Every structure is written in C-alpha cells, then in structure tokens.
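Visitor: So the sequences go chain by chain: C and X. First residue of the first sequence? That's 212 in our numbering, and the numbers climb one at a time after it. First residue of the second sequence? That's 212 in our numbering, and the numbers climb one at a time after it. Let me give you the structure first, and then I'll get to my questions.
2 protein chains.
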Amino acid sequence: DSKMTNSAPENLTAKLEELHVNGEEEDDDDKVTPWEVTTTKASGIDYDKLIVRFGCRKLDEDIISRFERVTGHKACVMLRRGMFFAHRDFTAILDCKEKGEPFFLYTGRGASSGSLHLGHLVPFIFTKWLQEVFDVPLVVQMTDDEKFLWKDMTVDAAKKMSRENMKDIISVGFDPTKTFIFNNFDYMCPPFYENIVKIWKAVNGNQTRSIFGFTSEDCMGKAAFPAVEAAPCFASSFPHIFGEKGRKNDIPCLIPCAIDQDPYFRMCRDVAPKLKASKPSLIFSTFLPALQGAQTKMSSSEPNTCIFLDDTPKQIKNKINKYAFSGGQQTIEEHRAKGGNCDVDISFQFLRFFLEDDVELENIREQYTKGELLSGELKARATVEVQRIIAEMAERRKNVTDETVDEFTKIRSFPYQY
Amino acid sequence: DSKMTNSAPENLTAKLEELHVNGEEEDDDDKVTPWEVTTTKASGIDYDKLIVRFGCRKLDEDIISRFERVTGHKACVMLRRGMFFAHRDFTAILDCKEKGEPFFLYTGRGASSGSLHLGHLVPFIFTKWLQEVFDVPLVVQMTDDEKFLWKDMTVDAAKKMSRENMKDIISVGFDPTKTFIFNNFDYMCPPFYENIVKIWKAVNGNQTRSIFGFTSEDCMGKAAFPAVEAAPCFASSFPHIFGEKGRKNDIPCLIPCAIDQDPYFRMCRDVAPKLKASKPSLIFSTFLPALQGAQTKMSSSEPNTCIFLDDTPKQIKNKINKYAFSGGQQTIEEHRAKGGNCDVDISFQFLRFFLEDDVELENIREQYTKGELLSGELKARATVEVQRIIAEMAERRKNVTDETVDEFTKIRSFPYQY
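Okay, structure coming up:
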C-alpha cells in the first residue's frame with residue numbers, strides 16, 4: 212500500500228566496510244572466514260596478523276591478571292597459554308563482574324556431522340569453565356537453519372543432527388540449571404524474531420556482501436541468516452531467562468568462539484547502538500590444528516584430520532601415530548643430534564591445549580627441542596592426554612539421554628534475578 | 212565450520228525471471244508494484260494489459276458460471292461486475308470445492324495508518340463473502356514486520372497499528388470460529404519459520420531483485436521479507452488449524468488480494484514444488500480509485516483521496532461533493548446536451564463496487580450517459596451507498612473490543628477435520 216521509501220540504513224562505521232573476510236586479503240597466506248580456515252604455513256595461522264586484520268585486541272597478560280584478581284580463579288590452560296588469544300571489550304565484562312552487574316555467555320554450533328571432534332570441543336570446554344568461574348546464564352545456539360541453507364540437507368536432518376550434537380555438548384559437563392541450549396528451527400519465537408528484524412533493518416545488502424562475501428547467486432536465506440546468529444547477543448531474545456517484559460537489552464553478553472565467527476558479531480556490535488542494546492563482548496580462540504598439520508583446522512568432512520568424540524582409545528592411538536604431523540627428524544640419530552620442532556608438532560600442540568601441568572609441558576618442550584624426547588614418545592604422551600579427554604567425555608555422554616536434552620532445551624527460568 | 216558450497220538454488224522458471232515488476236516496463240503508462248500503483252489514464256489502470264504483463268488469467272464468464280454452479284451461490288457484485296477480474300488457478304479451488312476436498316483462504320494487510328479506508332475494505336468484503344460461500348478457514352496476515360522495515364516506525368508502533376487495523380477488519384463481519392488473524396511479530400513460531408527458511412533456500416538474490424526491484428542499498432530485511440508474506444500460503448504454517456504433525460502442505464490455499472501483491476505469490480507459486488507443497492491459487496481485485504480519479508488508488512497517506520472508516524456521514528458527503536472526480540460537463544446545459552462519462556466518474560465507480568441492484572446501476576449509467584442524471588444527483592446517490600457501507604461497518608465496529616481481537620488472534624483449532 213505504501214510508497215517505497217528510501218529507508219536504506221545509514222552507513223555503518225567505515226571500519227565495518229573495510230573488514231572484508233573474503234576477497235581483498237587473498238594475497239595474505241591465511242584465509243579465515245566462517246566457512247573456511249586455511250594457511251600455507253606449517254606453524255599455522257598467524258594470529259597476530261589476524262588481530263590486526265580483524266581489528267580486535269590481543270588478550271594480554273594484564274587482562275589475564277585482572278581476570279584472575281576479579282574472579283579469584285587462576286586462568287585455565289586455554290587462557291594462560293594463549294589458545295584464547297584475542298578479544299573485543301572483554302574488559303567490559305570484567306567491569307560487570309567487578310561491580311556485580313549481570314551479564315551472560317553465548318556460544319553456539321552449526322551441526323554438520325553426527326559426532327563432534329576435538330576441535331569443536333575447545334570453545335565448549337572453555338565456556339564451561341568460564342561459566343563456573345563467572346556463575347552466569349549461558350545460551351547455546353545450534354544453527355540448524357544455517358546448515359539447511361548451506362548444505363544439501365532436509366530440515367529434519369538438520370534438526371536431528373543438532374539434537375545429536377547437543378548430547379555431545381552437554382557431555383562437556385554444563386549445568387542444566389544455568390544453560391539453555393536451543394536450535395533455531397525449534398526455538399524461533401516472537402522476541403527472537405523481533406531482534407532479527409531489527410538487525411535486518413540496520414544492515415543493507417552491500418554491507419552483508421562486504422562482510423560475508425555473499426553474491427547475488429546465493430539464496431535469500433544466506434543473506435538473511437547473519438541476523439539469526441547475531442540476535443542471541445541481545446538478552447531480550449530470551450524472555451524466559453531475562454524477564455518477559457523488561458526488554459533488558461542492557462544486559463551484556465560475552466561470546467567465547469573461534470575467531471572465524473567474528474564477522475557475525477562485528478556486524479552485531481555495529482548495529483547494537485541502533486537497537487539501544489549493549490555491544491556483545493568477544494573472546495576468541497585459535498583453532499585446534501588438524502592431525503596433518505596446522506595449515507588447516509580439524510574438519511569433520513575429512514575424518515582423518517580429526518579425533519572424534521566417539522573414537523575408541525585404540526582409534527585415537529592409531530590416528531595420532533599414523534597422521535599426527537611430527538616436528539621430529541627423519542631418523543632417531545638425526546633427531547638426537549638436531550632435536551624436534553615443537554611449533555609444528557601436532558602432538559605437542561595437543562598437549563598445549565589439554566595438558567594441565569605447566570611444568571611437565573615445559574619439560575616436554577625442552578626435551579623434545581633438544582632431541583632427548585623422541586617423536587614416538589611425544590605421540591604416546593599426547594595420546595594419553597587425548598584419550599583422557601575423550602574418556603571423560605564418553606563417561607558423561609553415557610548419562611546423556613533424550614530426556615537430558617529436553618531438560619537443557621526446555622523454556623524455563625534460571626536461578627538469577629533481573 | 213563447513214566450507215562454503217555452491218548451493219545456489221537452481222534457476223526458477225524462466226517466466227519468473229522475465230516478470231519484472233519494476234524497471235523494464237517503465238515505458239508502459241501503468242505502474243503496479245506492491246509499493247506503488249499509478250497510471251496516466253483517467254479511466255484507470257488497463258487491467259487487460261496487466262493480465263498479459265503479469266501472466267495471469269482473466270476471470271471470465273465461464274469461470275463465474277462454474278463458480279455459481281459449484282457453490283450454489285449467485286456471484287456477488289464484485290465478482291459479477293469484474294472488480295475481481297483475474298486469477299491464477301482459481302479453477303483448482305473450484306475442483307476442490309466440487310470434490311469436497313479441503314482448502315483455505317489467505318489474505319492480509321500491511322497496516323500503515325490508524326484506520327482503514329474504503330479501498331482497503333474491498334478485498335476483505337469479498338473475502339468475507341467468499342468464506343461464507345466456501346465455508347473454509349481463513350488466515351489473515353498483518354505484516355507489521357514489513358511496515359517496520361519499510362517505514363520510519365518502531366516495532367511497538369507497527370504492532371499497535373496492526374492491532375488497531377485488526378479491529379476494522381473484524382468489523383467487516385468475519386466469523387471468529389473460522390478466522391485466524393495474526394501479526395507476524397506476535398505469531399512467529401517454528402512451523403512458520405521453517406516455511407520461511409525453505410522459501411529462502413529456493414530463491415536467490417538475483418531473483419529477489421528481479422521480482423521486487425530491491426537494490427543492494429536496501430536493508431537485509433527487505434530482501435528477506437518476501438518469504439514471510441509467502442509462507443502462510445502453506446498450510447503447515449498453521450498447525451493449530453491444520454494439525455500438529457501432518458505437515459499438510461497438500462491443502463491448497465486461495466488468496467483474494469489486490470493485483471499489486473502478485474509478485475509475492477508468483478514467487479511462492481514457483482517455489483511450491485520444491486517444498487512439495489500445493490501452489491497457491493489467486494483471485495485478483497482491481498483498485499478502488501482515489502476520489503480525485505482513477506489515475507491512482509486510494510492512499511491513506513493522502514487523506515483527501517480516501518473515505519476512511521471513521522469518517523462521519525457528513526465528512527463522506529463533503530469529500531464526495533468536493534473531491535470525487537466527475538465525468539459530467541462544465542455546465543448543466545452542456546451536461547444535458549452531451550451527457551456524462553461513467554468510465555471516469557468516481558461516484559459511478561463507487562456505485563459499481565457497492566450498489567447491489569444491477570437494474571438500478573444500469574439505469575443510472577444510461578441516464579448519466581444521456582445527461583438526464585446530473586453530476587450532483589449522481590454524487591448524492593453514491594454518497595448514500597458509501598454512507599451505508601461505512602455505517603454498517605461502524606455499527607459492527609462498536610462491538611469490537613480488545614477482547615474480540617484476542618478471540619481472533621488466539622491460537623486455537625477450527626471446526627474442521629484434516
């Protein structure tokens with residue numbers, strides 16, 4: 212009925228326009244987008260360059276020290292060893308914690324395989340630890356709609372895969388009284404949709420293309436989807452947790468995620484002021500490298516690059532022995548003489564992620580570098596740690612039934628007042 | 212996590228690509244899009260040309276006769292006088308009626324003003340009559356999300372306006388036991404969203420631009436919205452009416468609407484087979500002309516072109532006397548000598564829409580054409596009919612409260628089995 216008006220949104224900040232994730236930085240060796248992560252370097256992605264390129268901040272010693280002071284907890288392995296290496300406004304969350312003001316955690320997963328692999332676990336292990344330390348609500352989005360849009364997959368298959376993946380995620384050990392897990396196809400509701408539509412209004416087609424690299428050959432859904440991943444940053448998307456009527460978009464959220472998801476939240480941070488909402492804070496992880504080497508991250512679509520949660524101890528041992536790229540030398544004699552290279556050795560990288568004991572890790576590094584520790588020995592040590600992580604997961608996974616999933620996905624209130 | 216795949220949808224039918232609603236037919240005098248309806252001709256839009264341009268069918272005598280045979284009802288004024296002038300697959304609905312197979316009606320409104328005007332009433336008056344004749348469920352979509360996206364308006368204002376407009380729509384006399392009215396912001400739910408996402412996957416950016424004329428300066432929401440207007444064509448969007456689990460997308464729908472809404476449903480008809488769903492049928496109305504003449508339709512944004520539902524009898528009389536474009540001559544003498552032109556006379560057009568008595572209408576036409584009836588007399592006769600319509604609406608409107616709206620918007624089942 213109405214005349215078409217020129218209601219194109221104002222331009223977002225120039226920064227957003229500049230931050231292409233596809234395209235112009237092709238001359239760089241590293242490719243990091245929500246859909247692809249590769250590098251030509253054996254030591255993996257250059258994360259310091261990525262910080263500059265993405266315009267986020269390094270998670271430095273000062274912030275980690277402040278985190279420890281504010282929370283009274285020693286930083287966990289992934290924080291103190293730089294697996295979570297960068298952030299946006301993490302200090303704003305520490306301010307909240309210091310002042311006793313509310314905030315919440317948001318992370319998620321796009322289920323694309325029946326079982327999670329070790330790389331998928333990293334943000335969830337960290338998020339679980341963070342939730343315990345902060346004692347705040349956590350929302351976990353399963354983007355089954357995204358998978359349906361991007362893949363040759365039915366809605367039912369995407370929903371089923373999400374539900375299977377939820378069981379793995381729950382097995383990380385989340386507290387059901389404080390954790391809401393939802394898949395978009397089943398949770399979609401008016402408050403969630405309202406935030407999506409508000410985000411849709413604030414970003415135009417040029418900007419979406421610039422941020423995500425979509426083309427006009429892509430289906431409508433790809434262009435519409437980023438708002439669906441962005442909307443849970445706003446507390447009002449969850450009235451059962453943060454209150455029915457308050458529209459409490461001043462409760463900020465912290466998103467622990469792998470850095471490839473940054474484009475969604477960069478967009479979200481830029482539109483937040485237009486929605487009179489707090490900008491989400493982010494804390495970014497590096498990628499767990501593939502067995503074959505740090506040129507790429509683990510990928511379910513290439514099973515031999517991954518340790519899966521349902522791999523047996525024997526399979527884990529065999530995969531590490533057979534595929535884990537070694538920084539050692541060709542012969543024992545040569546290794547004893549020249550020593551190994553921890554920076555490219557995948558077994559050592561696994562120990563960095565999962566071995567709790569700093570002193571032991573440092574001993575291993577020294578001995579391997581000097582050639583005192585052999586590649587086979589290093590692989591055996593890494594195998595033990597990976598087997599331990601997977602066994603602990605499997606132990607908890609035994610108790611996760613469909614009823615457990617129902618418990619986590621149920622619309623319910625949390626033991627917090629807002 | 213996944214690599215970006217080239218999952219752009221297959222091309223839709225070539226027909227869809229060809230049917231631009233903006234752009235290439237600019238050399239035509241008539242402009243008919245969801246956002247603009249204008250012509251340079253005093254007699255109004257050339258609807259026969261529109262049928263050719265849009266690729267729909269004329270609603271001819273044969274179909275109207277068949278309708279009367281199948282339903283046992285005489286065609287109403289708007290049908291027998293060609294105000295509903297074109298269709299897509301209306302015969303498929305008549306087939307259903309004949310065989311006793313289920314179908315439903317879907318129409319809607321994008322609320323852009325506090326009160327409806329006479330032009331808005333046309334599809335609703337017709338739809339109400341059609342529902343009585345067919346005895347089937349009716350769903351009415353209020354596109355408050357569209358208005359929020361297109362206009363400088365808050366979500367709350369758009370929702371409030373939708374709710375006010377619902378009261379006017381209800382006053383047309385719909386049966387609450389068979390009519391579900393919903394606004395998108397409040398109804399959005401998983402089954403509705405699932406259909407939206409399926410439509411998103413089936414149409415790409417080029418196609419959206421081609422159909423609707425969006426540019427990359429338009430916000431993301433404009434590109435995403437067409438699927439929201441298309442989704443209610445599929446019965447599975449309403450599990451409370453058509454069954455929780457059946458996904459009964461084989462129940463076809465018939466959409467009575469003004470022809471400017473055709474692009475949404477042309478798109479929907481093209482994607483329906485991909486969703487394994489029935490193609491919606493359509494029956495299209497002409498536009499009630501503006502008081503000033505048939506070059507444009509009534510528009511709330513220009514109050515003097517409209518009769519509003521809340522206009523008083525005196526206001527109606529004054530508006531028709533002052534603004535209703537006359538096909539009569541400059542002086543009484545000249546009029547008596549040359550006669551008037553019914554084709555451009557707005558008072559006569561109003562009588563065509565609203566005067567039940569065919570014989571009287573024909574008499575008026577003859578007398579006016581011969582100059583026996585004067586413009587003032589014709590205006591007076593039209594005023595009486597318009598006052599009658601508005602008074603009947605006002606009488607029903609008195610009984611429409613917030614509770615009545617709740618009754619129509621409530622999620623509930625209907626007295627039909629599927």
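Cβ atoms here follow ideal geometry from the backbone N, Cα and C, with glycine treated the same way. Here the structure is a predicted model, which is why all the values come from computation and not from measurement.
If you draw a straight line from the alpha carbon of residue 288/C to that of residue 395/C, how long is it in whole angstroms?
Guide: In the first sequence, residue 288/C corresponds to position 77, counting from 1. In the first sequence, residue 395/C corresponds to position 184, counting from 1. Whole-angstrom Cα-Cα distance: 32 Å.
Visitor: Candidates 479/X, 466/X, 496/X and 619/X: which alpha carbon is nearest residue 411/X's?
Guide: One-based indexing of the second sequence puts residue 411/X at position 200. Here the closest residue by C-alpha is 479/X.
Visitor: Could you work out which residues of chain C lie near residue 396/X, taking near to mean beta carbons separated by less than 8 Å?
Guide: Counting from 1 along the second sequence, the entry for residue 396/X is found at position 185. Near residue 396/X (Cβ distances below 8 Å), the residues of chain C are 401, 404, 405 and 408.
Visitor: In the DSSP assignment, find the unbroken alpha helix (DSSP H) run with residue 292/C in it and report its ends.
Guide: Here residue 292/C refers to the residue found at position 81 of the first sequence. That residue, residue 292/C, is in no alpha helix (DSSP H); it is neither H nor E in DSSP.
Visitor: Going by DSSP, which residues form a beta bridge with residue 353/C?
Guide: Residue mapping note: residue 353/C aligns to position 142 of the first sequence, counting from 1. DSSP, once it has assigned bridges, lists 320/C and 394/C as partnering residue 353/C.
Visitor: In angstroms, rounded to a whole number, what distance separates the CA positions of residue 561/C and residue 421/C?
Guide: Taking the first residue of the first sequence as 1, we reach residue 561/C at position 350. Taking the first residue of the first sequence as 1, we reach residue 421/C at position 210. Roughly 35 Å separates the two Cα atoms.
Visitor: Fully enclosed by the segment 595-623 of chain C, which alpha helix (DSSP H) runs are 4 residues long or longer?
Guide: 613-620
Visitor: Anything in chain C within Cβ reach of residue 444/X, meaning under 7 Å, just list it in chain order.
Guide: Locating residue 444/X in the second sequence gives position 233, counting from the first residue. Correct list: empty, because the minimum Cβ distance to chain C is about 16 Å.
Visitor: Looking at C-beta atoms only, is the number of pairs between the segment 430-449 of chain X and the segment 274-288 of chain X that lie closer than 8 Å three or more?
Guide: no
Visitor: From this set, 382/C, 518/C, 489/C and 266/C, which residue's C-alpha is nearest residue 499/C's C-alpha?
Guide: For the purposes of this step, residue 499/C is taken as residue 288 along the first sequence, with counting starting at 1. Comparing alpha carbon positions, the residue from 382/C, 518/C, 489/C and 266/C closest to residue 499/C is 518/C.
Visitor: Enumerate, from N- to C-terminal direction, the unbroken beta strand (DSSP E) stretches of 3 or more residues contained entirely within the segment 359-414 of chain C.
Guide: 390-394
Visitor: Comparing alpha-carbon positions, which option in 449/X, 326/X, 316/X and 360/X lies nearest residue 385/X?
Guide: Along the second sequence, one-based indexing puts residue 385/X at 174. The shortest Cα separation from residue 385/X among 449/X, 326/X, 316/X and 360/X belongs to 316/X.
Visitor: Is the Cβ of residue 431/C closer than 8 Å to any Cβ of chain X?
Guide: Stepping through the first sequence from its first residue, residue 431/C is reached at position 220. Yes, its Cβ sits closer than 8 Å to a Cβ of chain X.
Visitor: Based on DSSP bridge pairs, tell me the residues matched to residue 492/X.
Guide: Taking the first residue of the second sequence as position 1, residue 492/X is located at position 281. Beta-bridge pairing links residue 492/X to 465/X.
Visitor: Should residue 631/C be labelled buried (16 or more other beta-carbon atoms within 10 Å of its own) or exposed?
Guide: Any answer about residue 631/C is impossible in this case: the structure gives chain C only from 212 up to 629.
Visitor: Short of 6 Å in beta carbon distance, which residues of its chain neighbour residue 463/X, apart from the five on each side in sequence? Order them along the chain.
Guide: Counted from its first residue, the second sequence places residue 463/X at position 252. If we look at residue 463/X and ignore the five residues flanking it on each side, its Cβ neighbours are 314 and 489.
Visitor: Just confirm the distance between the C-beta atoms of residue 432/X and residue 351/C, as a whole number of angstroms; I'd bet it's less than 8 Å.
Guide: As a position in the second sequence, residue 432/X is number 221, starting the count at 1. As a position in the first sequence, residue 351/C is number 140, starting the count at 1. At roughly 26 Å, the Cβ-Cβ gap does not stay under 8 Å, so residue 432/X and residue 351/C are not in contact.
Visitor: Determine, using beta carbons only, whether residue 627/C and residue 459/C come nearer to each other than 8 Å.
Guide: As a position in the first sequence, residue 627/C is number 416, starting the count at 1. As a position in the first sequence, residue 459/C is number 248, starting the count at 1. Going by C-beta atoms, residue 627/C is not nearer than 8 Å to residue 459/C.
Visitor: If residue 531/C and residue 558/C are in contact, beta carbons under 8 Å, what's the gap, nearest whole angstrom?
Guide: Indexing the first sequence from 1 puts residue 531/C at position 320. Indexing the first sequence from 1 puts residue 558/C at position 347. About 6 Å separates the two Cβ atoms, so the contact holds.
Visitor: Hey, quick one: how far does the alpha helix (DSSP H) through residue 330/C stretch, first residue to last?
Guide: Numbered from its first residue, the first sequence carries residue 330/C at position 119. Where residue 330/C is concerned, the enclosing alpha helix (DSSP H) stretches over 329-345.
Visitor: Residue 417/C versus chain X: which residues are under 7 Å apart at the beta carbon?
Guide: Translated into the one-based positions of the first sequence, residue 417/C becomes position 206. Residues of chain X passing the Cβ test: 427 and 428.
Visitor: With a cut-off of 8 Å, does the C-beta of residue 616/X fall near any C-beta of chain C?
Guide: As a working note, residue 616/X is residue 405 in the second sequence. Output row for residue 616/X: interface = no.
Visitor: Which whole-angstrom value describes the C-beta separation of residue 596/C and residue 565/C, a residue pair presumed to lie in contact below a C-beta threshold of 8 Å?
Guide: Mapped onto the first sequence, residue 596/C falls at position 385. Mapped onto the first sequence, residue 565/C falls at position 354. Confirmed, about 5 Å.
Visitor: At which residues does the alpha helix (DSSP H) containing residue 432/X begin and terminate?
Guide: As a working note, residue 432/X is residue 221 in the second sequence. Note, residue 432/X: alpha helix (DSSP H), 431-435.
Visitor: Within the chosen definition, does the segment 529-547 of chain C reach the segment 604-621 of chain C through at least 3 CB pairs nearer than 8 Å?
Guide: Output reads no: the segment 604-621 of chain C does not touch the segment 529-547 of chain C.
Visitor: What is the rounded straight-line gap between the Cα of residue 526/X and the Cα of residue 587/X?
Guide: Translated into positions along the second sequence, residue 526/X becomes position 315. Translated into positions along the second sequence, residue 587/X becomes position 376. Answer to the nearest angstrom: the Cα atoms are 16 Å apart.
Visitor: Considering residue 310/C, what are the terminal residues of the alpha helix (DSSP H) in which it resides?
Guide: As a first step, residue 310/C is located in the first sequence; it is residue number 99 there, counting from the start. Here the alpha helix (DSSP H) through residue 310/C covers 301-310.
Visitor: On a Cα-Cα basis, can you pick out the residue from 320/C, 524/C and 435/C that is closest to residue 381/C?
Guide: For the purposes of this step, residue 381/C is taken as residue 170 along the first sequence, with counting starting at 1. Cα-wise, what sits closest to residue 381/C is 320/C.
Visitor: Should residue 318/C be labelled buried (16 or more other beta-carbon atoms within 10 Å of its own) or exposed?
Guide: The residue you call residue 318/C lines up with position 107 of the first sequence. Buried, since its Cβ has 16 or more Cβ neighbours within 10 Å.
Visitor: Assuming residue 252/C contacts residue 506/C (C-beta within less than 8 Å), just tell me the rounded distance between them.
Guide: As a first step, residue 252/C must be located in the first sequence, where it is residue number 41. As a first step, residue 506/C must be located in the first sequence, where it is residue number 295. That belief holds up - the Cβ atoms of residue 252/C and residue 506/C are roughly 7 Å apart, short of 8 Å.
Visitor: For residue 360/X, go through chain C and note every residue whose CB falls closer than 9 Å to its CB, in chain order.
Guide: The residue labelled residue 360/X in the question sits at position 149 within the second sequence. Within chain C, the residues near residue 360/X are 218, 408, 411 and 412.
Visitor: Cβ closer than 8 Å: which chain C residues qualify as neighbours of residue 420/X?
Guide: Residue numbering aside, residue 420/X sits at position 209 when the second sequence is read from its first letter. The answer, in chain order, is 427.
Visitor: Please state whether DSSP places residue 487/X in a helix, a strand or coil.
Guide: Residue numbering aside, residue 487/X sits at position 276 when the second sequence is read from its first letter. Correct three-state label for residue 487/X: coil.
Visitor: Counting contacts by CB-CB distance shorter than 8 Å, is residue 281/C in contact with chain X?
Guide: Along the first sequence, read from residue 1 onward, the residue named residue 281/C stands at position 70. Answer no: the Cβ-Cβ gap between residue 281/C and chain X never drops below 8 Å.
Visitor: I need the DSSP call for residue 284/C, collapsed to helix, strand or coil.
Guide: By 1-based counting over the first sequence, the position of residue 284/C is 73. Three-state DSSP puts residue 284/C in coil, outside helix and strand.
Visitor: Closest Cβ-Cβ distance between residue 611/X and chain D: below 8 Å?
Guide: This model lacks chain D altogether, as its protein chains are C and X.
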